[in-house]
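Below is one structure, written out as structure tokens; comments come after it.
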Amino acid sequence: MSYTNFSYFATISADNKFKALYICMSALAHRLLRAYPPLIRFFYRSLMNLIIGIADRLLLGKNYGSSLRRLKHTLPDLPYDYGALEPVVSAEIMQVHHGKHHAAYVNALNLAEEKVKEALAKGNMQAAVAGTKLMNFNAGGHINHSFFWEGLTAVKDSGEPNSELMAAIKKDFGSLEAMKERLSAKTIAIQGSGWGWLAYDKEMKRLQLACCPNQDLLEPTTGLIPLFCIDVWEHAYYLQYKNIRPDFVKAVWKIANWKIISDRYIKAKR
1 MSYTNFSYFA
11 TISADNKFKA
21 LYICMSALAH
31 RLLRAYPPLI
41 RFFYRSLMNL
51 IIGIADRLLL
61 GKNYGSSLRR
71 LKHTLPDLPY
81 DYGALEPVVS
91 AEIMQVHHGK
101 HHAAYVNALN
111 LAEEKVKEAL
121 AKGNMQAAVA
131 GTKLMNFNAG
141 GHINHSFFWE
151 GLTAVKDSGE
161 PNSELMAAIK
171 KDFGSLEAMK
181 ERLSAKTIAI
191 QGSGWGWLAY
201 DKEMKRLQLA
211 CCPNQDLLEP
221 TTGLIPLFCI
231 DVWEHAYYLQ
241 YKNIRPDFVK
251 AVWKIANWKI
261 ISDRYIKAKR
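The opening residue of the sequence shown carries number 1 in the numbering used here; numbering runs sequentially from there.
Printed below as a string of structure tokens:
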């Protein structure tokens, strides 16, 4: 009998209910993991390891380290050279943005997970829960940047949306240029740091535009499926565009990888 069938709890003894709950959590976690893209799936696997570690402490009385399988996050290679996005984004910015800032999120995420692990090993649940805030922030930075890099390409390879995505853009926004103008305006208007998104609303079956502050992830906070994003943290453009954010945002469209964005749209509709 599947542990994901909650009626199963009615058939077992009270002594085994906590163990069944623990197994049920694991089964549901694996089911959810299959629904997420690879990188997001990787983060949620780490998060579920944390949850299961807490369950070990609270429900089963085991040591956290006995069940946690340490998964180390690494900085992904770019699908192009640092100079490939010039003149829109300089090689200098790419070296700093990817090699320093993105790498810092990855390192901080690994460090936060280690601190949470240590806190749980000592039975300090308050510190462990507090540590998840750092995990969430740095995981957001890691995932958002990885998604951002994949959606960019050299100017000569930018292309156009495929026929299916173009039809959806025209239906929901009137034209490709109108969509670009609306998303650019929303993204430029973000107060402080954040991300502008072109996304798909699976419930409404239409494209949507959204913004997220800081390193918040789009899908967990809005339910929208991300297709393309624009980073407006200052480190994304300041070395080249100074404080003129609008120039950077408008220029990014020249390096949008419409093949990747179109593929994401097809997958989002499934």
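The beta carbon of each residue, even a glycine, is placed where N, CA and C say it ideally should be.
These numbers come from a predicted model, not from an experiment.
Excluding its 5 nearest sequence neighbours in each direction, Gln240 has C-beta neighbours in its own chain below 6 angstroms: Ser90 and Ile93, listed in chain order.
In the DSSP assignment, no residue is bridged to Gln240. By the neighbour-count definition (other C-beta atoms within 10 Å, threshold 16), Gln191 is an exposed residue.
Counting only residues of its own chain and dropping the five nearest sequence neighbours on each side, Ala108 has a CB closer than 6 angstroms to the CB of Asn138.
Every beta strand (DSSP E) stretch that sits fully inside the region 190-220 and reaches 3 residues is listed by chain position as 194-201 and 206-213. Scanning Pro87, His145, Asn110 and Tyr80 for the CA closest to the CA of Gln215 turns up His145. Rounded to the nearest angstrom, the Cβ distance from Val106 to Met135 is 12 angstroms, too far for a contact under 8 angstroms. Distance from the CA of Thr74 to the CA of Gly99, rounded to the nearest whole angstrom, comes to 12 angstroms. Residue range Trp258 to Lys269 is occupied by the alpha helix (DSSP H) that includes Ile260. For Leu152, the secondary structure class from DSSP, reduced to helix, strand or coil, is strand. Taking all protein chains shown into account, Ala236 has 16 or more neighbouring C-beta atoms within 10 Å of its C-beta and is therefore buried.
A straight-line Cα-Cα distance of about 19 angstroms links Glu234 and Ala210.
Runs of alpha helix (DSSP H) with 4 or more residues, each lying fully within the region 74-141, are found at 91-96 and 103-121, listed in chain order.
Cβ contact annotation for Trp197 (same chain, cutoff 6 angstroms, sequence separation greater than five): Ala210, Leu218, Pro226 and Cys229, in chain order. Cβ neighbours of Gly159 within its own chain (closer than 7 angstroms, five residues either side excluded): Trp258 and Lys259. In its chain, beyond the 5 residues on either side, Leu176 have a beta carbon closer than 8 angstroms to the beta carbon of Lys170.
For the set Phe148, Glu164 and Lys133, the Cα lying nearest the Cα of Asp77 is the one of Phe148. Take the alpha-carbon of Asp172 and the one of His101: they are about 35 angstroms apart. Exposure of Ser163 is indicated by the presence of fewer than 16 other C-beta atoms within 10 angstroms of its C-beta.
Looking only at Ala130, Thr221, Gln208 and Gly194, the smallest Cα-Cα distance to Ala168 is reached by Gln208. Following the DSSP letters along the chain, one finds Ile225 in no alpha helix (DSSP H) but inside the beta strand (DSSP E) bounded by residues Ile225 to Asp231. Under the DSSP assignment, Pro246 falls in the alpha helix (DSSP H) whose first and last residues are Arg245 to Val252. By the 16-neighbour rule on beta-carbons within 10 angstroms, Ile266 is exposed.
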